[in-house]
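Here the structure is laid out as structure tokens; the discussion comes afterwards.
There are 2 protein chains.
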Amino acid sequence: MVLGGKMKRNIKLTIQYDGTNYYGFQRQAGRNIDTIQGKLELCLAKVFKEPIKVRGSGRTDGGVHAEGQVVSFFTTSVIPVEKIALALNHRLPRDIIALKAEEVDLNFHAQYHAFGKKYVYSFYQGVTPSPFYRLYSYFVPYQLDFEKMEAACTLLKGTHNFKAFSSSGSNVKTFERTIYDIDLIKNGNHWQVSISGNGFLYNMVRIIVGALIDIGRGRLDISCIEEALETTNRNLLGKKAPPHGLCLKEVYYSPINYEE
Amino acid sequence: MVLGGKMKRNIKLTIQYDGTNYYGFQRQAGRNIDTIQGKLELCLAKVFKEPIKVRGSGRTDGGVHAEGQVVSFFTTSVIPVEKIALALNHRLPRDIIALKAEEVDLNFHAQYHAFGKKYVYSFYQGVTPSPFYRLYSYFVPYQLDFEKMEAACTLLKGTHNFKAFSSSGSNVKTFERTIYDIDLIKNGNHWQVSISGNGFLYNMVRIIVGALIDIGRGRLDISCIEEALETTNRNLLGKKAPPHGLCLKEVYYSPINYEE
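Residue numbers (full-length UniProt numbering), protein chains in the order written: chain A, 1 to 260; chain B, 1 to 260.
Structural data, given as structure tokens:
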């Protein structure tokens, strides 16, 4: 495609970031460079010597991390694709990293072409919170029941109306989503919930994990999961887990083999 | 002991800290509360309702972390020893944590009674630095030779004059120190040097690790280790490794069984 007399290219960029020091992924008037998108666009403009607008696969909230966020953007620059990540990393702050850039079809869109995503939520049990995990894992000062939490995960798998597992504040047409896989992983006192699906409602993973932890410590009964799925009543579930335990691991751009 | 009409107690406190946001352990005029010691003393004064001066097992530089730093201090407060850590953690920022408090003999001194220390230095190899390790592990953009580095470790073990492995700026009487154990540990691309000894000169671990990495990438020959030990010439070794990879793991307060 020709853009202002120059060839237009579409670049798919995979990035990682530590979300601690940002107001989330999405650009915001007034605090633009304190968002991932704003900071990225600023550095891209310097590398490509033209204004760049990126489209992300989706937003992440302030404090949420990403190991495999994907954005796409158009450019007329002729910079070789294999040099983009390196050039960008020279400009980016150390808490945002470009992993790889690929030239893709002009109609590729990081959000609309995503088939699904994988998130991992990390938390740990103990007496004293660790200064070393405070930014990346949620401290839970209770003993948790692994079996109960694992059983609750099983109930969430599949296609459901997840309205009870969402915060208001986004405009979505339907609350039906499919969870392909949800696993509780144990590594000593450090546990993770790994969850992949075709799409996630606003705060969905954090509400799921908050409910799982409440079930694990005995504050909620496992029956609340089925009841919440049936009644779509958000009040049946506890508080959402805090953002810093959450990490966007991967965005899928090819169909997922899934059997219910 | 009676102090101003009150019983004096000596408390041994084990703490952890993420050193990222501090100018190091030692209190400094003008930036007192931006040091670990200053911040700790401020919070101790609030908990004990009296001024408290702590003595650390030793300093750590700005950016260096600790999983097992030990301090001791006197107090006339009658607060039960088992409540000290919890009370303190309510006051401390989240990057400093009190692990445990013990009441010890009045002549115990965190520095003078230490028999030795254990440090771990973390680094990782790769193409792109990770935003998640940037505060806790040193990024090395080279492939390193494990066998060569391990062989170099063996040469460092034992009692030597480590003057070549120290920065100027501290007043020590002798440069002789004993390294009890030094191990290179491999976990995928994440490697660690674990090193225990009866005492460490200023920057000694960081200079050792800097030299090991230079040997691993082929910039220094392994012979420089023996030469540096013999000649005490600091210039034979490369740059010291940066502070953020370093962590004080443990301070030993009982004799170490060591055979050369």
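For each residue, glycine too, the CB sits at the ideal point set by N, CA and C.
Which listed residue (the options) has its alpha carbon closest to that of residue i
i, options, result
"valine 172(A)", "Lys249(A), Phe162(A), Thr14(A)", "Phe162(A)"
"isoleucine 185(A)", "Asn257(A), Gly56(A), Tyr121(A), Gly68(A)", "Tyr121(A)"
"threonine 76(A)", "Lys148(A), Glu103(A), Ile225(A), Glu150(A)", "Glu103(A)"
"glutamate 250(A)", "Asn235(A), Phe115(A), Asp183(A)", "Phe115(A)"
"valine 127(A)", "Phe139(A), Asn107(A), Leu135(A)", "Phe139(A)"
"serine 194(A)", "Leu236(A), Arg217(A), Met149(A), Gln111(A)", "Met149(A)"
"aspartate 61(A)", "Ala228(A), Tyr258(A), Gln26(A), Phe132(A)", "Gln26(A)"
"leucine 246(A)", "Ile33(A), Tyr124(A), Ser137(A), Val47(A)", "Ser137(A)"
"residue 267(B)", "Gly68(B), Pro93(B), Asn32(B)", "This structure cannot speak to residue 267(B), because chain B is shown only from 1 to 260."
"proline 242(B)", "Arg219(B), Val47(B), Ile213(B), Asn235(B)", "Ile213(B)"
"proline 51(A)", "Leu40(A), Ser57(A), Lys100(A)", "Leu40(A)"
"threonine 154(B)", "Tyr124(B), Ile96(B), Leu229(B)", "Leu229(B)"
"leucine 156(B)", "Gly238(B), Asp183(B), Ser72(B)", "Asp183(B)"
"asparagine 10(A)", "Ile79(A), Gly238(A), Thr20(A), Gly19(A)", "Ile79(A)"
"glutamine 69(A)", "Tyr252(A), Glu176(A), Ser170(A)", "Tyr252(A)"
"glycine 19(B)", "Ala87(B), Arg94(B), Leu99(B)", "Arg94(B)"
"threonine 63(B)", "Ala211(B), Ile96(B), Ala29(B), Ile256(B)", "Before going on, a small fix: residue 63(B) reads as glycine here, not threonine. The shortest Cα separation from glycine 63(B) among Ala211(B), Ile96(B), Ala29(B), Ile256(B) belongs to Ile96(B)."
"isoleucine 207(B)", "Thr232(B), Lys49(B), Leu106(B)", "Thr232(B)"
"alanine 110(B)", "Ser57(B), Arg177(B), Asp145(B), Lys117(B)", "Ser57(B)"
"leucine 99(B)", "Pro255(B), Thr174(B), Tyr17(B), Ser168(B)", "Tyr17(B)"
"asparagine 189(B)", "Asn198(B), Phe123(B), Leu201(B), Arg177(B)", "Phe123(B)"
"lysine 12(B)", "Lys46(B), Gly38(B), Glu82(B)", "Glu82(B)"
"asparagine 198(A)", "Ile222(A), Tyr119(A), Ile215(A)", "Tyr119(A)"
"phenylalanine 200(A)", "Glu227(A), Asp105(A), Ser254(A), Glu176(A)", "Glu176(A)"
"threonine 159(B)", "Glu226(B), His113(B), Leu135(B), Phe108(B)", "Glu226(B)"
"alanine 211(A)", "His113(A), Leu86(A), Ser254(A), Phe165(A)", "Phe165(A)"
"tyrosine 112(B)", "Val71(B), Ala85(B), Asn187(B)", "Val71(B)"
"asparagine 257(B)", "Arg55(B), Thr178(B), Cys224(B), Tyr133(B)", "Thr178(B)"
"asparagine 21(A)", "Gly238(A), Pro255(A), His244(A)", "His244(A)"
Opening and closing residue of the alpha helix (DSSP H) in which residue i lies
i, result
"serine 223(B)", "223-231"
"glutamine 28(A)", "Careful: glutamine 28(A) lies outside any alpha helix (DSSP H) and carries neither H nor E."
"alanine 87(A)", "81-91"
"arginine 9(A)", "Per DSSP, arginine 9(A) belongs to no alpha helix (DSSP H); it is in the beta strand (DSSP E), 9-17."
"valine 209(B)", "204-216"
Limits of the unbroken beta strand (DSSP E) element including residue i
i, result
"valine 120(B)", "116-125"
"valine 64(A)", "Looking at the DSSP string, valine 64(A) is not in any beta strand (DSSP E), and its letter there is neither H nor E."
"residue 338(B)", "Nothing can be reported for residue 338(B), as the shown portion of chain B is limited to 1 through 260."
"glutamate 50(A)", "Unbroken run through glutamate 50(A): none, as it is neither H nor E."
"alanine 241(A)", "Where alanine 241(A) is concerned, there is no enclosing beta strand (DSSP E), given that its DSSP letter is neither H nor E."
"leucine 220(A)", "Premise fails: leucine 220(A) is in no beta strand (DSSP E) and is neither H nor E."
"residue 270(A)", "The requested residue 270(A) does not occur in the structure, where chain A is confined to residues 1 to 260."
"tyrosine 258(A)", "Per DSSP, tyrosine 258(A) belongs to no beta strand (DSSP E) and is neither H nor E."
"residue 261(B)", "Outside the shown range of chain B (1 to 260) lies residue 261(B), about which nothing can therefore be said."
Burial state of residue i, where buried means 16 or more other Cβ atoms lie within 10 Å
i, result
"proline 131(B)", "buried"
"threonine 14(B)", "buried"
"methionine 204(A)", "buried"
"tyrosine 142(B)", "exposed"
"threonine 35(A)", "buried"
"histidine 65(A)", "buried"
"glycine 218(A)", "exposed"
"leucine 220(A)", "buried"
"serine 196(B)", "buried"
"histidine 90(B)", "exposed"
"alanine 152(A)", "buried"
"glutamate 67(A)", "buried"
"residue 328(B)", "Examination of residue 328(B) is not possible in this model, given that chain B is present from 1 through 260 alone."
"alanine 29(A)", "exposed"
"phenylalanine 48(B)", "buried"
"leucine 44(B)", "buried"
"serine 168(B)", "exposed"
"phenylalanine 146(B)", "exposed"
"lysine 117(B)", "buried"
"tyrosine 180(B)", "buried"
"leucine 135(A)", "buried"
"leucine 86(A)", "exposed"
Open item on the list: As an exercise, report each continuous alpha helix (DSSP H) stretch of at least 4 residues that is fully enclosed by the region 126-202 of chain A, in chain order.
Closed with: The alpha helix (DSSP H) runs lying completely inside the region 126-202 of chain A and spanning 4 residues or more are 146-156, given in chain order.
TODO: Quick one: which residues of the region 123-134 of chain B get their C-beta closer than 8 Å to a C-beta of chain A? List them in chain order.
DONE: Hits within the stretch, in order: Thr128, Pro129, Ser130, Pro131, Phe132, Arg134.
TODO: Closer than 7 Å, Cβ to Cβ, to anything on chain B: give me those residues from the region 7-30 of chain A, in chain order.
DONE: Within the region 7-30 of chain A, the residues whose Cβ lies closer than 7 Å to some Cβ of chain B are Gln16, Tyr17, Asp18, listed in chain order.
Open item on the list: Under 8 Å, CB to CB, which of the residues in the region 82-96 of chain A have a partner in chain B?
Closed with: Answer in chain order: Ala85, Asn89, Arg94, Asp95, Ile96.
Open item on the list: So if I threshold CB-CB distances at 8 Å, which residues from the region 36-66 of chain B count as touching chain A?
Closed with: Contacts with chain A (Cβ-Cβ distance below 8 Å) from the region 36-66 of chain B involve His65, listed in chain order.
Task: chain A contacts made by the UniProt domain "Pseudouridine synthase I TruA alpha/beta" (152-254) of chain B, where a contact means CB separation under 8 Å - done: Residues: none.
Open item on the list: Any C-beta of chain A within less than 9 Å: which residues of the region 101-126 of chain B qualify?
Closed with: Cβ contacts with chain A come from no residue of the region 101-126 of chain B.
- [ ] Can you give me, in chain order, the residues of the region 134-148 of chain B that have a beta carbon less than 7 Å from any beta carbon in chain A?
- [x] Answer in chain order: Arg134, Tyr136.
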